[in-house]
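Convert by adding 8 to the 1-based position in the sequence shown; the result is the number in the working numbering.
Okay, so here's the structure we're looking at.
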Amino acid sequence: MSTGPTPQGAVRHVLGHLLTPLLMCLGMGLAYLGAFHAPDPHDLRVDIVGSGPQAQVLAQTLQDKGAGALDVRTVPDRAAATTALREQSSFGAYLPAGHGGAPELLVASAGSGTSATAVETVFTQVAAEQGEPLKVTDVAPVSSGDPTGQGIFFLLVTLSIGSYASVAVIGGAGGVLPMRIRALLAAGMSLVVSVVGTVLAGPVFHLVDHGLAGVWAMSWMYCAGILMIGIGLHTYLKRWTTLGVMVLFVMLNFTSSGGIYRPELQPGFFGSLHAWWNGAGFVEGVRGHVYLDGHGLGGNLLVLALWAVAGLGLTCVAARTEARRRDAAVPEAGSAVVASGTVAGATAGATAGVTPGVTSEVTAGVTAASAAEAAEAEEEMEETVAV
9 MSTGPTPQGA VRHVLGHLLT PLLMCLGMGL AYLGAFHAPD PHDLRVDIVG
59 SGPQAQVLAQ TLQDKGAGAL DVRTVPDRAA ATTALREQSS FGAYLPAGHG
109 GAPELLVASA GSGTSATAVE TVFTQVAAEQ GEPLKVTDVA PVSSGDPTGQ
159 GIFFLLVTLS IGSYASVAVI GGAGGVLPMR IRALLAAGMS LVVSVVGTVL
209 AGPVFHLVDH GLAGVWAMSW MYCAGILMIG IGLHTYLKRW TTLGVMVLFV
259 MLNFTSSGGI YRPELQPGFF GSLHAWWNGA GFVEGVRGHV YLDGHGLGGN
309 LLVLALWAVA GLGLTCVAAR TEARRRDAAV PEAGSAVVAS GTVAGATAGA
359 TAGVTPGVTS EVTAGVTAAS AAEAAEAEEE MEETVAV
């Protein structure tokens, strides 16, 4: 007679589940500390405005002193420098002092506030060596509701949490539903999360003061990609799905998004992810749409669309996998029913009291299996809520 789980078994069970937060701790530490602990410029493009010998000498001097930190070039005039800043092919443009005026630095804080700060630090020293105060002009400022310039990054965080938490709920509580129903729930939830995020970013906190329709569209594409990939992965990862989506859409995603530091201030690994990860596509897409005259918008929309399509494809593959599992389970279930019926029939004539025992054991086994599945789904959702 079963007396339930032993204390030793319960401890082993808890320790097995504690592996998830330990892996999260390790992963978050490696990702966040690796990406953010020591921002250091490398190949940070800056321009010196001018075409004469003085500009050429200054550019070469900074290039040599930078030892790989800066990529210094010259541009002919202020207009060319401003265009490069708005296209994010440059992160600062220095106009040397001339005709009695102070030296001036052009930056575009909407492209990256931390990159603009790094450039300002460099050229403040240059101006000081020339004995002049530095004038800083922001050619692409952020909105008044986002003075730090990092509001888009925190919008990314909001959308991500709403999306990957929904994955666990749909996968755990809705695991018995057909994949097409779960996919529809994912599409609907991505719409809801994107609307909530856009309303918070716009009318509530005024992080974005125009272009909200475009921000919402990119938010929906971003959320749909996470949810579709997540419910597709759940077919294979089960209770490890939360850890899997956190690796994809938190650890690697936030660190490579460019919302805090652009690739020019990060280690190469995270900089390489920036080119094609969905978080970077969202952050850079919103920046380009809202602040930079649509620069790079097409490429970033393509990144978001490809992630969403990949998620849709994964759900289709997962649906076929689940169908094969169901087809394989039917003969096994049928064999079990026939076997139990044969045993019951064979023993009924010999001993009338045996049949109820056999039947109750079969029923108890089925009930126990269902209870175990329900308990596993409940534990999965509890772990997600705790995270």
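Glycine is no exception: its CB is placed at the ideal position from the N, C-alpha and C atoms.
Every value quoted in this text rests on a predicted model; they were computed, and no experiment measured them.
Could you give the C-beta distance for M254 and Y172, rounded to a whole number, given that I count them as a contact under 8 Å? With a beta-carbon spacing of about 7 Å, M254 and Y172 fall inside the 8 Å limit used to define contacts.
Euclidean distance between Cα positions of Y230 and V204: Looking at the two C-alpha atoms, the distance is approximately 14 Å.
Please list the terminal residues of the continuous beta strand (DSSP E) segment that includes Y102. Per DSSP, the unbroken beta strand (DSSP E) holding Y102 starts and ends at 101-103.
Backbone secondary structure at T132 - three-state DSSP: Helix at T132.
Give the range of the beta strand (DSSP E) segment to which G246 is assigned. Gly is not the amino acid found at residue 246; the sequence shown has Lys there. Run containing K246: none; DSSP gives neither H nor E here.
Excluding sequence positions up to five away, which residues of its chain have a Cβ less than 7 Å from the Cβ of E296? In the sequence under discussion, the amino acid at residue 296 is Gly, which differs from the Glu named in the question. Result list for G296: G302, H303, G304, L305, N308, in chain order.
Tell me where the alpha helix (DSSP H) around V144 begins and ends. Run containing V144: none in the alpha helix (DSSP H); it sits in the beta strand (DSSP E), 143-146.
Between the stretch 209-216 and the stretch 273-292, do three or more beta carbon pairs fall short of 8 Å? With a cut-off of 8 Å on Cβ pairs, the stretch 209-216 is not in contact with the stretch 273-292, counting fewer than three such pairs.
Enumerate, from N- to C-terminal direction, the unbroken beta strand (DSSP E) stretches of 3 or more residues contained entirely within the stretch 175-247. Entirely contained in the stretch 175-247, not one beta strand (DSSP E) run reaches 3 residues.
Using beta-carbon positions only, say whether N261 and W285 come within less than 9 Å of one another. Yes, the pair counts as a contact, with Cβ atoms nearer than the cut-off.
CB-CB under 6 Å to A43, same chain, minus the five flanking residues each way: which ones, in chain order? The residues are T263, Q274, F278.
Strictly by DSSP, which residues pair up with T125? Answer is none; T125 lacks a bridge partner.
First through last residue of the beta strand (DSSP E) which encompasses L113: Its beta strand (DSSP E) spans residues 112-115.
Report the rounded CA-to-CA distance for L314 versus G24, giving the unit in angstroms. In this structure, the alpha-carbon of L314 lies about 36 Å from that of G24.
Cβ atoms of T250 and T28: under 9 Å apart, would you say? Less than 9 Å separates the beta-carbon of T28 from that of T250.
Three-way DSSP call (helix, strand, coil) for T82 in this model: Judged by DSSP in its simplified three-state form, T82 adopts strand.
What is the DSSP secondary structure of D301, counted as helix, strand or coil? Three-state result, D301: coil.
Could you check how far apart the C-beta atoms of A101 and V150 are, in whole angstroms? I think they sit under 8 Å. Not really, about 18 Å apart at Cβ, beyond 8 Å.
Starting from L52, follow its DSSP beta bridges and name the residues at the other end. Looking at the DSSP assignment, L52 forms a beta bridge with L78.
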